[in-house]
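What follows is one structure encoded as structure tokens, with my remarks underneath.
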């Protein structure tokens with residue numbers, strides 16, 4: 770069973786490491802105002818995927834934890850499905866179809 774307090778601490782650490790990643794910084798530099806989204810975990814207290822949603826254009830970007838199997842959350846990268854959308858500057862308009870809440 771996962772301890773809620775410990776999970777909260779690990780999640781805060783994981784979010785901090787993700788926000789310090791180069792790909793997160795690149796998204797911010799391209800105008801995206803990223804807000805915390807979904808967190809996917811397994812039977813551990815370490816998240817293996819997290820999403821951030823742009824408050825301006827509503828695009829959702831998913832990141833994978835490359836160090837998850839080692840029990841760490843120090844290495845993050847955009848998942849393949851998010852990389853193409855990440856190459857574009859934020860359009861500051863809500864798209865007709867949003868991926869918020871989905872990994873479509």
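Numbering (our numbering), first residue to last: 770 to 873. Virtual Cβ for every residue (Gly too), placed ideally from N, Cα, C.
Worksheet item: Rounded to whole angstroms, how far is the Cβ of residue 845 from the Cβ of residue 811, which I believe are closer than 8 Å?
Response: About 16 Å separates the two Cβ atoms, so there is no contact after all.
Worksheet item: If you draw a straight line from the alpha carbon of residue 848 to that of residue 775, how long is it in whole angstroms?
Response: 26 Å
Fill in: Residues that residue 857 bridges to, as DSSP identifies them
DSSP output for residue 857 lists no bridge partner at all.
Discussion item. Checking the sheet assignment: what are the DSSP bridge partners for residue 832?
Written reply: 819 and 847
Worksheet item: With residue 787 and residue 832 assumed to form a contact (beta carbons below 8 Å), what rounded beta-carbon distance in angstroms separates them?
Response: 6 Å
Discussion item. Buried or exposed for residue 828, going by 16 or more other Cβ atoms inside 10 Å?
Written reply: buried
Worksheet item: Which whole runs of the beta strand (DSSP E) in the region 775-811 are 3 residues long or more, in chain order?
Response: 803-809
Worksheet item: When DSSP labels each residue in this structure, what does residue 852 get in the three-state scheme?
Response: helix
Discussion item. Restricting to Cα atoms, I'd like to know which of 813, 803, 807 and 858 is closest to residue 841.
Written reply: 813
Worksheet item: Under three-state DSSP, which class holds residue 773?
Response: helix
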